[in-house]
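For the sequence shown, the UniProt record's numbering begins at 1 and goes up steadily by one.
Ideal Cβ positions, reconstructed from N, Cα and C, are used throughout, including at glycine.
Predicted, not measured: the structure shown is a model, and the values here were computed from it.
In what follows, a structure is listed as structure tokens, so that the remarks can point back to it.
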Amino acid sequence: MRVGRLLGTHTPKRRLAPLRRYTYSAWRASVAELDGRHALRDLPQWCEPLAVWRRLGRLMPPDARDDGAHVIEERTTGVLERCQWRECACHVLRPAHPLKVCKGCWVVAYCSDKCQTSDWEQGEHRSACRRRDK
1 MRVGRLLGTH TPKRRLAPLR RYTYSAWRAS VAELDGRHAL RDLPQWCEPL AVWRRLGRLM
61 PPDARDDGAH VIEERTTGVL ERCQWRECAC HVLRPAHPLK VCKGCWVVAY CSDKCQTSDW
121 EQGEHRSACR RRDK
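Next up, the structure:
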């Protein structure tokens, strides 16, 4: 028996896949942001750290890189800071309360179950979420 199962820390691969995809998406967004900052990119002291950061993305497993047509947003900066449901006031203003991350894709967040349900039924999240309808 695996040690993780004995300790109760075993996580099935299917649960890790969304986290891997989100991590890769965040990495890719950070590389795009860094590439856009020409002044930073041209500094000699940043050449090696940037090269190491790029290599990190190439080391990620293939299932993390498979983002297909389901990626909600290429740029992940700020996505988890506001409610995804467009009709919610917290979609525009940063909320003071904590948000709940969608467990299907780990890419968007909501104020409440009501906002998540509304976005699922009336918004765009159903077609974009990695979770399959059951």
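{"query": "Three-pair Cβ contact test at 8 angstroms for the segment 117-124 versus the segment 78-96", "result": "yes"}
{"query": "Bounding residues of the alpha helix (DSSP H) (the contiguous stretch that carries S112)", "result": "Neither: S112 is in no alpha helix (DSSP H) and is coded neither H nor E."}
{"query": "Residue span of the alpha helix (DSSP H) that contains E48, given as start and end", "result": "P44 to L59"}
{"query": "Under the three-state DSSP convention, the category V107 falls into", "result": "coil"}
{"query": "6 angstroms Cβ shell around L80 - same chain, five flanking residues per side excluded", "result": "A109"}
{"query": "H125 - containing alpha helix (DSSP H), residue span", "result": "H125 to A128"}
{"query": "Sub-8 angstroms separation of C129 and C111 beta-carbons", "result": "no"}
{"query": "C-alpha distance - G57 paired with A89, whole-angstrom precision", "result": "35 angstroms"}
{"query": "Of the residues A51, A17, P18 and P98, the one placed nearest S30, counting alpha carbons only", "result": "A51"}
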